[in-house]
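S.K.: Just dropping this structure here.
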């Protein structure tokens, strides 16, 4: 919409006579254009997802049968088993499972004072190493690639714990992701999700019986 | 020249600059945007501190709702067509061009094969309405999920599998999906999460 406008400003008004001379100036009214653009912007803003979702990469053990004697054994002193149960309950034990001793099971929580504190205390060296590397990276002492590979080495070190995550059927997905998240926060490089066994369930049950806790609904 | 000149100010504001700005913003949004995919079920993903972004293409997304219904989505229509054909072969079904077209425009799919033909014959609006009541069967008796994954993999070898599940989904459902993937030797996949604020140490 363009309009030729005389400098008296009266769009449709009749002039009071007098001069015939007009100063012509060319004005294009951009208001409708702006209106339309705003509308389109609103549309695009509402219909798009700007932030791409985050992901977590996991690698599961393959189903192929490992030949006897070739499977990697976890050092009992470095093994931590985490049992995820329903109603956000979580237990852990270290080393070899003692299925007839309910006191070997320790309850903990998903909060930072719970599981994280324990895992960090078991993994002090790797955590320190990773933190140092990250600091070096932010100080531009090393490149991102070197940092990543060094972090990987630090996390997979011989003295780092191996965490076995076992989730019961009534645990939910959030519990699993939270547990995996702790692995990342605590710089644990070696962890696996393993199916829960009946013995593990019985252990939780006997623990709950021994401590007069409400029983979980474990099948 | 007129003698008396009434100084009247024009009330018109020059919108050119404003227009410039809006066009710029519009261009920005048009270029950066990826459209939100229509999903049959609303899913609240759990938060994690992981900062890896999901790649944009070659994603096979497995959507799992709190009740354990499983849906799939592929980002390339060519893959979708090939996958449908491969799955159809497995179940001795052939699809007409109209059915394939109807399948191609779906953002997310997840209908048992026995209902597939009837479903594809419906109008798009109706399809969206009832899709959430279906879901791909994924149990030991009738594991169509496996067939879908296998067919998708055969039509595009570069696919990455990403699991997007609701926070409240019971682990038994996730376990089923993971076991099916494991049976197919798909051992590397992604879990889609939302960003959590960096945890306090």
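Chains as they are written, first to last, in our numbering: chain L, 3 to 221; chain U, 11 to 211.
Note that beta-carbon positions come from the ideal geometry of N, C-alpha and C, so glycine has one too.
(1) State yes or no: is the beta carbon of residue 98 of chain L nearer than 9 Å to at least one beta carbon in chain U?
(2) Which whole-angstrom value describes the C-beta separation of residue 137 of chain U and residue 146 of chain U, a residue pair presumed to lie in contact below a C-beta threshold of 8 Å?
(3) Roughly how many angstroms lie between the CA atoms of residue 101 of chain U and residue 35 of chain U, to the nearest whole one?
(4) Kindly say whether residue 175 of chain L, judged by its beta-carbon, lies nearer than 9 Å to any beta-carbon of chain U.
(5) Between U:116, U:59, U:84 and U:77, which lies nearest to residue 133 of chain U when the distance is taken from Cα to Cα?
(6) Step through the CB atoms of chain C and report whether any lies within less than 9 Å of the CB of residue 123 of chain U.
(7) Under 8 Å Cβ to Cβ from residue 27 of chain U, same chain only, skipping five residues before and after it: list those, please.
(8) Taking CB distances under 9 Å as the criterion, tell me whether residue 77 of chain U reaches chain L.
(9) Secondary structure at residue 95 of chain L, three-state DSSP: helix, strand or coil?
(10) Hey, residue 159 of chain U and residue 191 of chain U are a contact pair by Cβ (cut 8 Å); roughly how many whole angstroms apart?
(11) Taking C-beta to C-beta, are residue 142 of chain U and residue 79 of chain U nearer than 9 Å?
(12) Taking only beta-carbon positions, decide if residue 90 of chain U is within less than 9 Å of chain L.
(13) Leaving out five residues before and five after residue 125 of chain L in sequence, what residues of the same chain have Cβ atoms less than 8 Å from its Cβ?
(14) Which one or two residues does DSSP pair with residue 83 of chain U in a beta bridge?
(15) In its own chain, which residues sit with a C-beta less than 8 Å from the C-beta of residue 137 of chain L, not counting the 5 before and 5 after it?
(16) State the Cα-Cα distance for the pair residue 45 of chain L and residue 103 of chain U, rounded to the nearest angstrom.
(17) Report, in whole angstroms, the separation of the C-beta atoms of residue 187 of chain U and residue 183 of chain L, which I expect to be a contact under 8 Å.
(18) Could you tell me the boundaries of the beta strand (DSSP E) in which residue 152 of chain L lies?
(19) Since residue 83 of chain U meets chain L, which of its residues come closer than 8 Å, beta carbon to beta carbon?
(20) Any beta-carbon of chain L closer than 9 Å to the one on residue 157 of chain U?
(21) Does the distance from the CB of residue 86 of chain L to the CB of residue 212 of chain L come in under 9 Å?
(22) Applying the 10 Å Cβ sphere with the 16-neighbour rule, what's the burial state of residue 77 of chain U?
(23) What whole-angstrom Cβ distance do residue 176 of chain U and residue 54 of chain U have, given they're in contact under 8 Å?
(24) Since residue 175 of chain L and residue 104 of chain L should fall inside the 8 Å C-beta cutoff, what is the C-beta to C-beta distance between them, to a whole number of angstroms?
(25) Mapping DSSP to helix, strand and coil, what is residue 174 of chain L?
(26) What span of residues does the beta strand (DSSP E) with residue 35 of chain L cover, start to end?
(27) So residue 68 of chain U and residue 61 of chain L are supposed to be a Cβ contact under 8 Å. How far apart are they, rounded?
(28) Which first and last residues belong to the beta strand (DSSP E) in which residue 200 of chain U is found?
M.R.: Judging by the given coordinates:
(1) No, its Cβ sits nowhere closer than 9 Å to a Cβ of chain U.
(2) Not a contact, Cβ separation roughly 15 Å.
(3) Taken atom to atom, the span from the alpha-carbon of residue 101 of chain U to that of residue 35 of chain U is near 50 Å.
(4) yes
(5) U:116
(6) Judged by its chain identifiers, the structure shown contains no chain C, and its protein chains are L and U.
(7) none
(8) With a threshold of 9 Å between beta carbons, residue 77 of chain U makes no contact with chain L.
(9) strand
(10) 7 Å
(11) yes
(12) no
(13) 162, 163, 188, 189 and 190
(14) According to DSSP, residue 83 of chain U bridges with U:71.
(15) none
(16) Here the alpha carbons of residue 103 of chain U and residue 45 of chain L stand approximately 41 Å from one another.
(17) So it is not a contact: roughly 19 Å between Cβ atoms.
(18) Note, residue 152 of chain L: premise wrong, no beta strand (DSSP E); alpha helix (DSSP H) at 146-157.
(19) Those within 8 Å of residue 83 of chain U in chain L number zero; the least Cβ separation is about 13 Å.
(20) no
(21) The answer is no: Cβ separation not under 9 Å.
(22) exposed
(23) The Cβ separation is near 6 Å, so the contact holds.
(24) Contact flag wrong, Cβ pair sits at about 28 Å.
(25) strand
(26) No beta strand (DSSP E) holds residue 35 of chain L; the alpha helix (DSSP H) holding it covers 33-49.
(27) The Cβ separation is near 18 Å, so there is no contact.
(28) 198-205
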